[in-house]
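Residue 14 in UniProt numbering is what sits at position 14 of the sequence shown, and the numbering runs on without skipping anything. Backbone N, C-alpha and C fix where the C-beta goes; we use that ideal spot for every residue, glycine too.
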Amino acid sequence: MSLPPLLEVAQRSELRRRLNARLSPLLAGVPAHGAISITLDLGYGRCDWLDTDFTSAQAFWWARPESDEWRLALGQALIVASAGPNRFPALRAAYAGLTADWLHCDADATGLQPAAHLGFAFDDEEQEQLPNARLVVPAVLLVSRHGRLSATFSCSGRDSEAAVDGWVHELSALGRSRHGKRAERSAGQQLLRQENPLADRAFIARVRAALAGIAAGRLQKLVISRSVRLEAQHAIAIAPVLAALAARHPACTLYAVSRPGFAFVGATPERLVALSAGIARADALAGTSWAARPAAEKTSDATTAPAAAAAPASLRLEDDKNSREQGHVVDAVRTALTPLCRRLTQSQTPEVLRLRDLQHLRTVFTGELTDDVGLFELIAALHPTPAVGGTPTHAARAWLRARRERRAAWYSGGVGWIDATGDGEVVVALRCARIAGRHAACDAGAGIVAGSDPAQEFAETEVKLAAAIDALSHAEPATALAADESAARTGTQ
Numbered sequence: 001m002s003l004p005p006l007l008e009v010a011q012r013s014e015l016r017r018r019l020n021a022r023l024s025p026l027l028a029g030v031p032a033h034g035a036i037s038i039t040l041d042l043g044y045g046r047c048d049w050l051d052t053d054f055t056s057a058q059a060f061w062w063a064r065p066e067s068d069e070w071r072l073a074l075g076q077a078l079i080v081a082s083a084g085p086n087r088f089p090a091l092r093a094a095y096a097g098l099t100a101d102w103l104h105c106d107a108d109a110t111g112l113q114p115a116a117h118l119g120f121a122f123d124d125e126e127q128e129q130l131p132n133a134r135l136v137v138p139a140v141l142l143v144s145r146h147g148r149l150s151a152t153f154s155c156s157g158r159d160s161e162a163a164v165d166g167w168v169h170e171l172s173a174l175g176r177s178r179h180g181k182r183a184e185r186s187a188g189q190q191l192l193r194q195e196n197p198l199a200d201r202a203f204i205a206r207v208r209a210a211l212a213g214i215a216a217g218r219l220q221k222l223v224i225s226r227s228v229r230l231e232a233q234h235a236i237a238i239a240p241v242l243a244a245l246a247a248r249h250p251a252c253t254l255y256a257v258s259r260p261g262f263a264f265v266g267a268t269p270e271r272l273v274a275l276s277a278g279i280a281r282a283d284a285l286a287g288t289s290w291a292a293r294p295a296a297e298k299t300s301d302a303t304t305a306p307a308a309a310a311a312p313a314s315l316r317l318e319d320d321k322n323s324r325e326q327g328h329v330v331d332a333v334r335t336a337l338t339p340l341c342r343r344l345t346q347s348q349t350p351e352v353l354r355l356r357d358l359q360h361l362r363t364v365f366t367g368e369l370t371d372d373v374g375l376f377e378l379i380a381a382l383h384p385t386p387a388v389g390g391t392p393t394h395a396a397r398a399w400l401r402a403r404r405e406r407r408a409a410w411y412s413g414g415v416g417w418i419d420a421t422g423d424g425e426v427v428v429a430l431r432c433a434r435i436a437g438r439h440a441a442c443d444a445g446a447g448i449v450a451g452s453d454p455a456q457e458f459a460e461t462e463v464k465l466a467a468a469i470d471a472l473s474h475a476e477p478a479t480a481l482a483a484d485e486s487a488a489r490t491g492t493q
């Protein structure tokens with residue numbers, strides 16, 4: 001997918017002219033603590049924004065291939081970080097202050113709003129590799145949605161005079177990763193999985209300890225996670241990993257958060273909450289089964305069907321264990337949303353969400369919010385659901401902390417976006433990998449309830465880990481991409 005003409009290097013002078021023409025009238029009206037955004041219509045077309053050098057860029061990428069939605073955020077116009085039990089109210093207060101003095105020029109009448117992206121860790125104290133909770137208004141936001149392309153350029157009031165130079169500089173990350181045809185035909189590079197029998201046995205031991213706590217009546221469900229480390233022959237290029245995830249999981253929400261030398265990427269099937277015009281939608285997703293299928297059948301990532309009409313009984317989704325596991329999540333989501341909604345409905349029968357190699361039970365909630373309830377209140381009420389933590393919530397979190405259950409970066413936390421009107425969406429950060437140079441780590445967890453089998457739960461995490469490992473192993477190494485780019489520049493390809 002080629003870049004829109006206005007973003008090509010040859011058109012930078014025209015881009016500067018258009019941005020300066022729109023910026024000048026706004027400068028007098030914005031305070032130093034406020035923000036300015038300019039949205040340009042880039043015309044018709046589609047772009048996945050994967051011709052981006054994620055290894056050196058401060059970037060946020062979000063995509064739903066099946067829905068033809070692709071977002072790329074570059075740089076930081078404004079940033080707010082927080083941690084601790086009040087992290088979500090702190091982000092809400094900061095964002096409310098920002099939107100009160102946010103000037104937006106939409107001269108091309110795109111109807112789009114400027115937006116910030118956000119992410120947070122599972123635990124409110126974790127700060128490994130990424131800030132615990134962070135909200136960023138990007139310098140540049142590129143959107144490809146339903147055949148239309150747009151770009152929004154933002155700056156703080158205090159940085160407005162140098163804004164255009166900064167925006168053009170951020171665009172230099174574009175067009176520097178040739179993931180396309182090479183990624184499609186490449187077999188990727190060999191990955192060495194660092195086996196850790198001690199960690200594997202520790203996971204089994206934690207599952208047994210969780211079962212003992214459940215049997216004693218202190219808990220009903222716990223989610224136990226594990227990590228697998230991998231090493232490649234060469235530095236892992238990020239864009240080809242994302243291209244592989246998009247090809248294999250088009251119905252999932254794909255995400256990447258990068259800074260120079262590090263990236264957190266994944267493909268999650270689970271929405272935490274979406275908000276549009278006062279209507280909230282949330283998923284209660286839990287219960288897992290899998291069955292080997294011929295490779296030829298693995299062409300479509302996800303479909304849904306009523307559980308009663310789901311696939312073969314061998315998938316076990318209607319087993320008592322899976323039904324109880326998903327039931328805990330349904331109860332928790334309903335309890336969290338009820339006081340925040342005037343009206344709340346849910347799908348009466350769980351549907352089966354069929355992914356490439358896994359199936360889950362899902363119940364969808366839709367609620368009309370009461371006044372003064374926004375996205376951050378919804379996040380605070382819902383996170384963590386029993387799908388990633390356990391139930392009762394406080395007892396489960398205390399149990400996990402006491403046993404030093406670590407969730408690095410934003411694994412099983414959330415990633416998402418919020419626009420200037422307060423609409424937005426957050427997904428649960430699952431099926432993920434943390435990438436730094438030649439090294440990667442993948443994370444997955446399993447829900448433990450009475451009757452869980454430790455060996456089966458370990459096998460479940462292996463299937464979940466495969467989503468990220470498969471994408472990593474099929475990605476082109478960064479060294480090959482660099483050679484490819486050099487050849488392209490010299491005309492030898």
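For my contact list, residue i and residue j are in at a C-beta cut-off of 8 Å; report their separation, rounded to the angstrom.
| i | j | result |
| --- | --- | --- |
| ILE224 | ALA395 | That pair is no contact at about 15 Å. |
| SER150 | ILE36 | Actually they do not touch by this definition, with Cβ atoms about 17 Å apart. |
| ALA429 | THR268 | 6 Å |
| ALA368 | GLY424 | Per the sequence shown, residue 368 should be read as Glu rather than Ala. In fact, because the Cβ distance is near 17 Å, the residues do not count as touching under 8 Å. |
| ASP371 | ALA466 | Not quite, the Cβ-Cβ distance comes to about 45 Å (not below 8 Å), so this is no contact. |
| ILE214 | ALA450 | 5 Å |
| VAL352 | ALA286 | Not a contact, Cβ separation roughly 12 Å. |
| ALA471 | VAL241 | 5 Å |
Between residue i and the ligand ATP, is there a pair consisting of the residue's CB and a ligand heavy atom that are separated by less than 7 Å?
| i | result |
| --- | --- |
| PRO386 | This structure lacks the ligand ATP; in fact it carries no ligand of any kind. |
Suppose the cutoff is 6 Å on Cβ atoms and the five residues either side in sequence are ignored; what does the same chain contact list for residue i look like?
| i | result |
| --- | --- |
| PHE60 | ALA73, HIS117 and VAL257 |
| GLY413 | PHE120, ALA121, PHE122 and ALA429 |
| LEU142 | TRP49, LEU72 and ALA151 |
| THR303 | In this prediction, THR303 scores a pLDDT of 45, lower than 50, which makes its location untrustworthy; the coordinate-derived value is nonetheless stated afterwards. These residues qualify, in order along the chain: ARG354. |
Any idea if residue i is buried or exposed, counting beta-carbon neighbours within 10 angstroms, 16 or more meaning buried?
| i | result |
| --- | --- |
| residue 494 | The requested residue 494 is not part of the displayed model; the chain covers only 1 to 493. |
| PRO114 | buried |
| GLU161 | exposed |
| GLY327 | buried |
| VAL9 | exposed |
| ASP51 | buried |
| GLU14 | exposed |
| ALA402 | exposed |
| residue 503 | One cannot answer for residue 503 here, as it falls past the ends of the chain, which runs 1 to 493. |
| SER2 | exposed |
| LEU27 | exposed |
| ASP453 | exposed |
| LYS298 | Confidence at LYS298 is low in this model, with a pLDDT of 41, below 50, so the placement of that residue is unreliable and no value is reported for it. |
| PRO5 | exposed |
| ARG206 | buried |
| GLN359 | buried |
| PRO386 | buried |
| PRO31 | exposed |
Could you tell me the distance, in whole angstroms, from the CA atom of residue i to the CA atom of residue j?
| i | j | result |
| --- | --- | --- |
| GLU460 | ARG12 | 50 Å |
| ARG229 | ASN196 | 9 Å |
| VAL426 | TRP417 | 7 Å |
| ARG343 | VAL373 | 13 Å |
| ARG193 | LEU7 | 40 Å |
| ARG18 | ASP48 | 24 Å |
| GLY157 | GLU125 | 32 Å |
| HIS104 | ARG22 | 10 Å |
| SER323 | ALA96 | 40 Å |
| ASP331 | GLY217 | 18 Å |
| LEU174 | ASP53 | 7 Å |
| CYS442 | GLN190 | 16 Å |
| VAL463 | LEU355 | 11 Å |
| THR345 | GLU66 | 26 Å |
| ALA310 | LEU361 | Model confidence at ALA310 stands at a pLDDT of 36, short of 50, so the residue's coordinates are unreliable; what they give is reported in the following sentence. Looking at the two C-alpha atoms, the distance is approximately 10 Å. |
| ILE38 | ASP106 | 6 Å |
Using a Cβ-Cβ cutoff of less than 7 Å, which residues in the same chain neighbour residue i once the five nearest sequence positions on both sides are dropped?
| i | result |
| --- | --- |
| LEU382 | LEU272, VAL273, ALA282, VAL333 and ALA336 |
| GLN226 | Looking at the sequence shown, residue 226 is not Gln but Arg. If we look at ARG226 and ignore the five residues flanking it on each side, its Cβ neighbours are ALA199, PHE203, ALA444 and THR461. |
| ALA436 | GLY261 and PHE262 |
| ALA94 | VAL80 and LEU135 |
Among the residues of its own chain, which have a CB less than 8 Å from the CB of residue i, if the five just before and after it don't count?
| i | result |
| --- | --- |
| THR55 | ALA235, ALA237, ILE238, SER258, PRO260, GLY261, ALA263 and ALA478 |
| ALA308 | In this prediction, ALA308 has a pLDDT of 37, which is less than 50 and means its spatial position is unreliable; what the coordinates show is noted afterwards. The residues are THR349. |
| GLN129 | PHE262, PHE264, ALA408, ALA409 and ARG434 |
Considering residue i, what are the terminal residues of the beta strand (DSSP E) in which it resides?
| i | result |
| --- | --- |
| TYR411 | No beta strand (DSSP E) contains TYR411, which DSSP labels as neither H nor E. |
| GLN346 | 341-346 |
| ALA444 | 439-448 |
| VAL329 | Run containing VAL329: none in the beta strand (DSSP E); it sits in the alpha helix (DSSP H), 320-337. |
| VAL426 | 424-428 |
Looking at the secondary structure, which residues open and close the alpha helix (DSSP H) in which residue i lies?
| i | result |
| --- | --- |
| ARG271 | Element bounds for ARG271: not the alpha helix (DSSP H) but the beta strand (DSSP E), 271-276. |
| ILE214 | 197-215 |
| GLU14 | 12-23 |
| ALA455 | 454-473 |
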